[in-house]
Amino acid sequence: MSVPDMRVSWNWLGEFVELADTPERVAERLTMAGLEVESIERLGTGLEHVVVAEIVSVASLPSDPQLKVCEVNTGAAAGTISVTGLGVAAGQRVALALLGARLPGGLEVRLEEVGGVRSEARICSEADLRLGSNERDPLVLPAAAALGTPVAEILGLDDVVLDISVTPNRGDCLSVLGIAREIAALTGRRLRRPRIRVVEHLGQSADFVRVSIASEAACHRYVARVFPEVRIEPSPLWMQCRLRAVGLRPVNNVVDVTNYVLWERGQPLHAFDFDRLPAPEITVRHATGAEEFVSLDGVVRRIEPGDLLITSGGQTVALAGIIGGANSEVSENTRRVLLESAWFSPTTIRRTAKRLGLKTEASYRFERGVDIEGVALAADRAASLFVELCGAKAAVGQVDVYPRPYLPAPIAVRVGRAEELLGFSLARQELVTALRGLGFEVSAATRGTVSVTPPSYRSDVEREVDVVEEVARVLGYERIPSVLPRTSLGGRGLGEFERLQREVRRLMAGLGFHEAIPLAFVSQQENVDFPGVVAGRQPVALQNPLSREDAEMRLSLLSSLVRSARTNLAQGAEAVPLFLLGKVFWREGDRQFCECTHVGAIVCPRFWEHGIGWRKKATEFEDIKGVVETLLESLRVGEADFQLLVPPGPFHPGRVAVVHVSGEPLGVVGALHPRMERAYELASPCWAFELDLEKSLQYRRRRFSARSLPRFPAVKRDLAIVVDEGFAAGKVIQFVRQWGAGECSIETVELVDQYSGAPIPAGRKSLTYSIWYRSAERTLTDAEVNDVHLRLGQALVEQFGVQLR
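In my numbering, the protein residues as written are 43 to 847.
As structure tokens, this is what we get:
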């Protein structure tokens, strides 16, 4: 069931506001105010030569008794003859199409001779005028219709319909009253509100029915009116024509009145056959279990827990705010009616309507919010029409259950701030007039400030800027000058951590890495395989995951990097080193959620494949370790110490290290375990690292340090030692740096070679270090360098038991 845009009758609008401009001009004003008029349709096309006529006499055609020869009187010309096959009767006032008339269906009325009788006009049926499907009977007009009057005028078809596109936040404009209110504000006219008077008798409504709300969060107000007597028949032609003009199908007088009030005031109503309700009570509640429900359209629909229901005697009689039930439908046998007018939660109605794939005029409005203060007024408006058009007798009063009364929230609006946002000078009275025209309450608050209270039908206005937007709409967006805004554009600039992140991106790109920007969602197994830099953290599970593969927030950047690397490898991109700067997430306890920014990278299996930097040699630990050292050094974090990680987690035993700075763990670097490489379809070897970037801020040097260029040359000496296979090469570097602190001549130390094999004994390896010696005061002699170098070798033997080569 589709719901069209808001169609509004021009004549209907005229009942609420004086329309001095043309439809085209009003359409332009509405469009400029944010209510786009998509089309203007002029009704009554084809009815220019159709007038009211009275059938004076009826006689059968001698040659064909099925046809009738009618003498009709149009007031201007008596004695007009029409031959018809419709079920006519003398005294009826009908729609008569004169010679030359071209009806809406395309039929042209011509002078014809039927059975020897000249037919000079055509008596029209509903079908002829496209007002219904009845082809057998004439369209009978009210007896008070003046002869010769154009039928379009009698039926209200001398009208124009505006088709308006209403944005989702403007549910208040899904009614004739709402559009009229906008026109009144835009044109400075007064909004007219027809007086509502209900003739009541036959007892109190509360004596006929009890109403209770079990789900107050989803139903803030429910109004019921009882009509102990009602007569079901077709609604008047003017109402049928008006409903058809806006796209609604006439049913009967009771249903048509509820639809008429819905369109007029934007408040959905529902009429129950009171005698078909299981009990004289109404309960609004959520469904607690699955059940089946037959709706008004005859479709069996499945109700699920959480759907909002209207029940009576324990049975569901309506899906609240969406559609009624066949078990309480108003029919030609209905004698008593219960009228419902309520406020239902937009989110509740939207959820159920979306699940059922069912959009009705009622749900369309409830989803966008109806006026909770207009619920009772709409019920009274329908009651007055029931009494007038349905022969109804109304019980006294309403049953109004209102557990959550509306509390208006004033908004302080600064006139100066409004001028800044609008870009032009604004007098206080100009602002007040614009807002009061829309129904806002405005009062003076302090100097330069006014207190604005939005009406109950404008739930979309919550902030000062919303109020200023309303002022702009009424005064006209065209008043806003084409100049730069008069506002301060100063910013705070980048913070220290933001600058650090920018620097990390620049450095990693300079080292040949490509940035990956994946989602932070991973599977439960991925969080098990990659638990993060800090072990034991609990993952954050998503309540509504996109899939099982995205059920949790990542504990480690490695899980996201592995996904990205696998995708690249699957596309044949084997030499695409990736880095990721993003957050990791974990949970502490049941309700405390934490997050932290890390930086990580992955290389599978080498850095480059083509170009000047191409090399066939696979990436080694020293390569990825060098990236970490370069990154930390460039960020002025301090010298890193690499210590063997036990247990290795997702990494290869013996080929992984914890990165320490100032004795504190900052991250991890190493080769992924072959088991992980196989499980995630990665090329081998696959190297990766992950560092806690936020923690690194604690060790970052705030100032740059600089020293003059050396004046004297450095002297290089190599030192080769034999150690056990499991010996960590970094221990020597750390020791030399500490030992050399007292030797001003030692400048730099680095590992340059690692060798296993003959003649080195099995289970042992050879490590070669290069050490640079330099003095800031003079050129060192070979004797001085050799002396320090010899003492350093002896210190290593004593400290680690190494064998000098």
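Backbone N, C-alpha and C fix where the C-beta goes; we use that ideal spot for every residue, glycine too. Being a predicted model, the structure only gives us computed values, none of them experimental.
Scanning its chain for C-beta atoms nearer than 6 Å, with the 5 sequence neighbours on each side dropped, one finds around Ala313 the residues Val296, Thr300, Val372, Val379, Leu381, in chain order.
Assignment of Phe663 by DSSP, reduced to helix, strand and coil, places it in the helix class. With respect to the 8 Å criterion, Asp571 and Pro689 are not classified as neighbours on the basis of their beta carbons. One Cα belongs to Gly245, the other to Cys432, and the distance between them is close to 19 Å. For Phe754, the secondary structure class from DSSP, reduced to helix, strand or coil, is coil. Pairwise C-beta distances place the stretch 634-649 in contact with the stretch 658-677, as three or more of them are shorter than 8 Å.
Taking 8 Å as the cut-off, the Cβ atoms of His262 and Arg446 count as close. Burial is judged here by how many other beta carbons sit within 10 angstroms of a residue's own beta carbon; Ala188 has fewer than 16 and is exposed. Setting aside the 5 residues that flank it on each side, Tyr499 is surrounded in the same chain by Asp214, Asp413, Gly416, each with a C-beta closer than 7 Å to its C-beta; the list follows chain order. Using a Cβ distance threshold of 8 Å, Pro146 and Thr209 do not count as a contacting pair. Secondary structure of Cys112 (DSSP, three-state): strand. For His715, there is no enclosing beta strand (DSSP E), as DSSP gives it neither H nor E. Here Cys636 is exposed: its Cβ has fewer than 16 other Cβ atoms, across all protein chains shown, within 10 Å. Here Arg820 has Phe754 as same chain residues with Cβ atoms under 8 Å from its own Cβ, once five neighbours each way along the sequence are excluded. With a beta-carbon spacing of about 17 Å, Arg759 and Ser808 fall beyond the 8 Å limit used to define contacts. Inclusion of Ile165 and Leu141 in the CB contact set at 8 Å is not warranted, their separation being larger than that value. Bounds of the beta strand (DSSP E) holding Val253 are 252-255.
Annotated three-state conformation of His556 is strand, per DSSP. Gln776 and Val641 have their C-alpha atoms spaced approximately 25 Å apart.
Contact between the stretch 171-179 and the stretch 121-129 is present, with at least three C-beta pairs closer than 8 Å. The C-alpha of Val272 is placed about 35 Å away from the C-alpha of Val100. With a cutoff of 8 Å on beta-carbon distance, Asn115 and Asp502 are scored as not near each other. Taking 8 Å as the upper bound for CB-CB distance, Leu173 and Cys283 are in contact here, some 7 Å apart. Pairwise C-beta distances place the stretch 544-554 in contact with the stretch 664-678, as three or more of them are shorter than 8 Å. If you ignore the 5 residues before and after Met718, its C-beta comes within less than 6 Å of the C-beta of Pro692, all in its own chain and listed in chain order. With the rule of 3 Cβ pairs closer than 8 Å, the stretch 242-258 does not count as touching the stretch 65-85. Sorting Ser676, Glu723, Ala825, Ala771 by C-alpha distance to the C-alpha of Asn610 places Glu723 at the top. Nearest to Glu66 by C-alpha distance, out of Phe58, Glu162, Val79, Asp632, is Val79. With a cut-off of 8 Å on Cβ pairs, the stretch 456-469 is in contact with the stretch 507-521, counting three or more such pairs.
Secondary structure at Thr73: helix, using DSSP grouped into helix, strand and coil.
Approximately 6 Å separates the beta-carbon atoms of Gly709 and Phe731; this is inside 8 Å, confirming the contact. Taken atom to atom, the span from the alpha-carbon of Arg235 to that of Ala384 is near 21 Å. In the DSSP assignment, Ala384 forms a beta bridge with Tyr264. Counting along the chain, no beta strand (DSSP E) covers Leu89, and no H or E run does either. By the Cβ-count criterion, Pro292 is buried, with 16 or more other Cβ atoms from all chains shown falling within 10 Å of its own Cβ. Rounded to the nearest whole angstrom, the C-alpha separation of Glu224 and Arg478 is 11 Å.
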